[in-house]
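Worksheet: the structure to be examined is printed underneath.
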Amino acid sequence: MGHPRPEPETGTADGVTLDEVFFDVVFVLTVTQLAGALETHLNWAGFGSSALIFGLLWYLYTGYAWLNNHLPPRQNATRLLLFAGMAGFLLTAVALPDALTHTGVLFAVGYLVVVAVHLTLFLHSNARSGALRLAPYNIGAALLVLAAAAFTGPAVPALWATAVFTQSVLPYLLPHLSWTSVPDAFHLRPRHFVERHGLLVIVALGESVAAIGMGVPTEQLTAAKAAVIVLALALPVAMWWTYFTDTRPAEAALAAATPATRTRMAARAYVLPHFLLLIGVIATVSGLHAAVAHPGKPATPGAALALSGGVALFLVGITAHCRALRLPIPLSRPTTALAALATVAVGLALAAPAQLVAVTAVLVLMLATDTLRAKRRVGHDRGAPVSPG
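Per our numbering, numbering of the sequence shown is gapless, rising by one per residue and ending at 1700.
Shown next, in the form of structure tokens:
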């Protein structure tokens, strides 16, 4: 197999390839697995371990989004190595439910494969100097995860937390020794970058709906559960609508920036904010599973917090995304996040489906209000007198 050759900079805004969509479908299995694992541990320990695991995985996923932005998988050598990266993510997904205990070695091996493939491909892109400054932090995080597999007890989450810190925080504390000192080494294509993350959100929300439908055995399917399943579709739809309403100007904001500023803006807008909104999706799916499984009972505190807290995190992530891109932030986003959290009381006092109705209604009301405001604004602009000259 020959080495991938650096792609020429054509200056065109190419979209996402089918190979990348395939990659995203495999990666989203980690989201599905995390949601299932969280459903069985709806407590603070479960929330914390889910955040640790997804923190490591998400940072590497964003690394592949940056990689394919610079080196699209058009050559067979690039494709084959990308498939090897998929295999690494698949191993981590399989090991994920017990990654902090007895499947830690399998997870670490998969993660090392993901890191090695990412580095190999990036070194053959037109962002080689940036890749070299990424390498020590990614390799260090992978080795810490491997080391954690040799321990039990509190040492395991401590090593994982150190790995997350090494990968995502330490580069900013040591700017002269990391990629942050060479932002112009990257040549970001805004259209591809925005589209890639948007497609991932679509796949994640779609898989969440599929997981809800497949999680109910047919022999246990009742009219009440069927109604809750249909109702459960409305919440991911409202989340999808919210995301794609707020991210339309993202491409224009990135395109208007200088290359170095674009790199910094993209890192600020698509690493932590999208981590928050996707961990929100994971938590929401766990809460939806609980609502479908027990439609006639009050929600447990953990399930109620997962459902409404997940939606709130999703909105906080979108707000942070807009802020990083210097886009207008509708006041309705943070206020709706607080309103979503308040619906926890509905689930605890009444039943999980009632909470599902309440939190969905909160999102729909936000979207309806924003749509009416936008229409009024357009009508006002059209009716405004045109100044002479």
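Backbone N, C-alpha and C fix where the C-beta goes; we use that ideal spot for every residue, glycine too. Given the structure is predicted, the values throughout are model-derived calculations rather than measurements.
- With at least 16 other beta carbons inside 10 angstroms of its own, residue 1361 counts as buried.
- With a contact defined as Cβ atoms closer than 8 angstroms, residue 1510 and residue 1327 qualify at about 6 angstroms.
- Between the C-alpha atoms of residue 1482 and residue 1439 there is a straight-line separation of about 17 angstroms.
- The count of Cβ pairs closer than 8 angstroms, one atom from the region 1654-1664 and one from the region 1596-1607, reaches three, so the stretches are in contact.
- Residue 1644 counts as buried, since at least 16 other C-beta atoms from the protein chains shown sit within 10 angstroms of its C-beta.
- Residue environment for residue 1612: exposed (fewer than 16 other C-beta atoms within 10 angstroms of its C-beta).
- Three or more Cβ pairs drawn from the region 1441-1459 and the region 1422-1433 lie within less than 8 angstroms of each other, which places the two stretches in contact.
- Contact annotation, residue 1590 with residue 1365: C-beta distance approximately 6 angstroms; criterion of less than 8 angstroms satisfied.
- With 16 or more other Cβ atoms inside 10 Å of its own Cβ, residue 1622 counts as buried.
- Annotation: the continuous alpha helix (DSSP H) that includes residue 1565 extends over 1561-1567.
- The region 1413-1429 and the region 1452-1470 touch, with three or more beta-carbon pairs separated by less than 8 angstroms.
- Distance from the CA of residue 1401 to the CA of residue 1579, rounded to the nearest whole angstrom, comes to 27 angstroms.
- In chain order, 1643 place their CB closer than 7 angstroms to the CB of residue 1680, counting only its own chain and leaving out the 5 sequence neighbours on each side.
- Contact between the region 1512-1522 and the region 1547-1567 is present, with at least three C-beta pairs closer than 8 angstroms.
- Under the 10 Å beta carbon count, residue 1338 is surrounded by 16 or more other beta carbons and is classified as buried.
- For the pair residue 1468 and residue 1393, the Cα-to-Cα distance works out to about 29 angstroms.
- Spanning the alpha carbons of residue 1492 and residue 1486 requires a straight line of approximately 5 angstroms.
- With fewer than 16 other CB atoms across the displayed protein chains lying within 10 angstroms of its CB, residue 1524 is exposed.
- With fewer than 16 other Cβ atoms from the protein chains shown falling within 10 Å of its own Cβ, residue 1413 counts as exposed.
- Counting the other CB atoms within 10 Å of its CB gives residue 1530 a total below 16, which places it among the exposed residues.
- Less than 8 angstroms separates the beta-carbon of residue 1638 from that of residue 1564.
- When secondary structure is reduced to three states using DSSP, residue 1608 falls in the coil class, being assigned neither helix nor strand.
- DSSP, reduced to helix, strand and coil, places residue 1436 outside both helices and strands of the structure shown, so it counts as coil.
- Under the three-state reduction of DSSP output, residue 1348 falls in the helix class.
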